[in-house]
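Worksheet: the structure to be examined is printed underneath.
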């Protein structure tokens, strides 16, 4: 006999095609980040920011590995990898601190998305995929720590569906304010 928790999980189980859609969203975000890191590394490639530029290039390589891993999973599930690039660099600022701040905001949303994707994989009992996405999540959390350190900020509290913790210096809209 199924328990209440088991019944609830089976009721919220998503289809393989919906999971493929979620994976394609993550794939698009990973490629978007690769493009952004290319821009960031060139902006940061001044003598004072060389260490930051190397770190950004390392993150771009990690994002490429994430993208390849996700694309393989999409193929394994019988889907087709689709990339919908939507550049997040809406501003034309070439201030490295502003760029890193924008990247930290984006990273927080990525962490939330991976947390939700892992939950969806678990409800489907696709534990191998959940574990693989967990590895990417751990990498994103390390990236978050690197960004917060570079910005000399405390780490934000990241909870699904909630705004950023106020001690992080966020505005009403959830944007990070550098003080």
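Numbering (my numbering), first residue to last: 1423 to 1601. For every residue, glycine included, the Cβ atom is placed at its ideal position computed from N, Cα and C.
Distance cut-off 7 Å: residue i Cβ against heavy atoms of the ligand SAM
i            : result
residue 1453 : Only the bare structure without any ligand can be found here, which leaves the ligand SAM out of the picture.
Of the listed residues the options, nearest to residue i (C-alpha basis)
i            : options                   : result
residue 1552 : 1465, 1541 and 1501       : 1541
residue 1479 : 1575, 1573, 1574 and 1565 : 1565
residue 1521 : 1570, 1443 and 1451       : 1570
residue 1492 : 1461, 1460, 1573 and 1557 : 1557
residue 1447 : 1532, 1561, 1544 and 1463 : 1532
residue 1453 : 1545, 1519, 1464 and 1506 : 1506
residue 1568 : 1473, 1487 and 1502       : 1473
residue 1561 : 1548, 1549, 1485 and 1539 : 1485
Span of the alpha helix (DSSP H) around residue i
i            : result
residue 1468 : Where residue 1468 is concerned, there is no enclosing alpha helix (DSSP H), given that its DSSP letter is neither H nor E.
residue 1530 : 1518–1545
residue 1571 : 1549–1572
Outcome for residue i when other beta-carbon atoms lying within 10 angstroms are tallied against a minimum of 16
i            : result
residue 1440 : exposed
residue 1489 : buried
residue 1529 : buried
residue 1470 : exposed
residue 1451 : buried
residue 1546 : buried
residue 1549 : exposed
residue 1466 : buried
residue 1463 : buried
Pair within 8 Å by beta-carbon distance, residue i and residue j
i            : j            : result
residue 1482 : residue 1456 : yes
residue 1376 : residue 1442 : Shown here, the chain extends from 1423 to 1601; a query on residue 1376 therefore has no answer.
residue 1573 : residue 1524 : no
residue 1554 : residue 1495 : yes
| task | At 4 residues or longer, and completely inside the region 1438–1506: list those alpha helix (DSSP H) runs for me, N to C. | result | DSSP runs (the alpha helix (DSSP H)) wholly in the region 1438–1506: 1438–1465 and 1472–1498.
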